[in-house]
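> Here it is, the structure in full.
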Amino acid sequence: MEKLIITVATTGAITSRKETPFIPLTPQEIAEEVYECWKAGAAIAHIHVRDKNGERTMDVDIFRETVDLIKQKCDIIINLTASGGIDSEEERLEPIIKLKPEMASYTSGSVNIGPDIHSNPQHFLEKLASVMLENGVKPEIEIFETGMINNALAVAKKGLIKPPFHFQFVLGVPGGMPATPRNLVHLRDSIPEGSTWSVAGIGRGNLPMTCMAIHMGGHVRVGMEDNVYLKKGVLAKSNAEFVKRIKRLAEEFDRPVASVDEAREILHLTK
Ligand code: ZN
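Final position of the sequence shown in this note's numbering is 744; the numbers increase by one with none missing.
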């Protein structure tokens, strides 16, 4: 089995201080948390940013400030969200074009997320894929339900996403596929051979899904974007607590954790 790549998603678009006082929201707070997570074993940082009021935004200047602060501290792989708010398609593309991160999220279809629609119509999937291709950004193909795999492969068939593909299964979102073992196995079996994959389980689905991925040869995402509780009723005081726990569990399963450069190799990133 390949070494285990740990992605940390420290902030997300939705989690607020009402759910946990410990979530990092400013560029300084996010950079400090990412640094602590990198020290604890995370190889990828999936980044969302917030405005002065703590609300989700795709403001490219806030992304730039955050990424610069992270890069001053460590060489973790930067994975920017392409869907950090309810913004125009142009606003969603801007951080990718201007900052050219190594990776960015690519949700290959539309899905209800609670009261909102995460809208990704076909024309936008083609546009987003071609912008990523032109700027040397590897898509992390986010899958909320099985049909999204087919959407991504249809875009790939047009030459806009190049293999080997990397998938992130996001399971347990209200509106998407539930975080169950059967669903994870089904998704793993539905992607092309030679692809890499990771799982992000939402809420109480995070620990079981990530433990399964360790055992199945996939990779994992942890952090307060997905889950704020270490166990029932116990809030994590930092994102690094999640990284430390999953690293400890992986070592128990005899699955060593990938360094940043090993992750680059596994994902075929050209720095
Ligand atoms: Zn995200």
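Beta carbons are placed, not taken as given, at the ideal position from N, Cα and C, and that holds for glycine.
This structure is a prediction, so every number in the text was calculated from the model and none was measured.
With three or more C-beta pairs closer than 8 Å as the rule, is the region 681-688 touching the region 489-501?
no
> To the nearest angstrom, report how far apart Tyr508 and Met697 are at their CA atoms.
15 Å
> What are the partner residues of Arg529, as DSSP defines its beta bridges?
Arg523
> If you measure from the CB of His688, is any heavy atom of ligand 1 nearer than 7 Å?
no
> With Val748 and Gly691 assumed to form a contact (beta carbons below 8 Å), what rounded beta-carbon distance in angstroms separates them?
No statement about residue 748 is possible, as the shown extent of the chain runs from 474 to 744 and does not include it.
> Can you tell me which residues fall inside 6 Å of ligand 1, judged by beta-carbon distance to its nearest heavy atom, and keep chain order?
Answer in sequence order: Ala482, Gly485, His519, His521, Thr554, Ser578, Glu698.
> Rounded to whole angstroms, what is the Cα-Cα separation between His596 and Glu562?
10 Å
> Specify the secondary structure class of Val646 as computed by DSSP and reduced to three states.
Coil.
> Could you tell me if Gln459 is buried or exposed, where buried requires 16 or more neighbouring beta carbons within 10 angstroms of its beta carbon?
Residue 459 is absent from the model: the chain starts at 474 and stops at 744.
> What three-state label does DSSP hand Asp548 in the structure shown?
coil
> Between the alpha carbons of Tyr702 and Ile739, how many angstroms are there, rounded?
Distance between the alpha carbons of Tyr702 and Ile739: 30 Å.
> Using beta carbons (cut-off 8 Å, strictly below), is Pro574 in contact with chain E?
The chain inventory of the structure shown lacks chain E, comprising one protein chain alone.
> Determine, using beta carbons only, whether Glu618 and Val584 come nearer to each other than 8 Å.
Taking 8 Å as the cut-off, the beta carbon of Glu618 is found closer than this to the beta carbon of Val584.
> Using the beta-carbon count (16 or more within 10 Å), is Glu615 buried or exposed?
buried
> Could you tell me if Asp541 is buried or exposed, where buried requires 16 or more neighbouring beta carbons within 10 angstroms of its beta carbon?
exposed
> On the three-pair Cβ rule with 8 Å, is the region 656-670 touching the region 628-642?
yes
> If Asp548 sits next to Val733, beta carbons under 8 Å apart, how far is it from one beta carbon to the other, in whole angstroms?
6 Å
> May I ask you to report which of helix, strand or coil DSSP gives Arg655?
helix
> Could you check which residue in Lys512, Ala518, Ala504, Arg537 has the C-alpha nearest to that of Pro568?
Arg537
> Report back the beta-carbon spacing between Ala516 and Ile478 to the nearest angstrom; my notes put them in contact at under 8 Å.
5 Å
> Can you tell me whether Ser592 is buried or exposed, with buried defined as 16 or more other CB within 10 angstroms of its CB?
exposed
> Can you name, in chain order, every residue of its own chain whose Cβ lies under 7 Å from the Cβ of Gly676, other than the five neighbours on each side?
Gly645, Asn700.
> Please state the DSSP three-state secondary structure of Asp727.
coil
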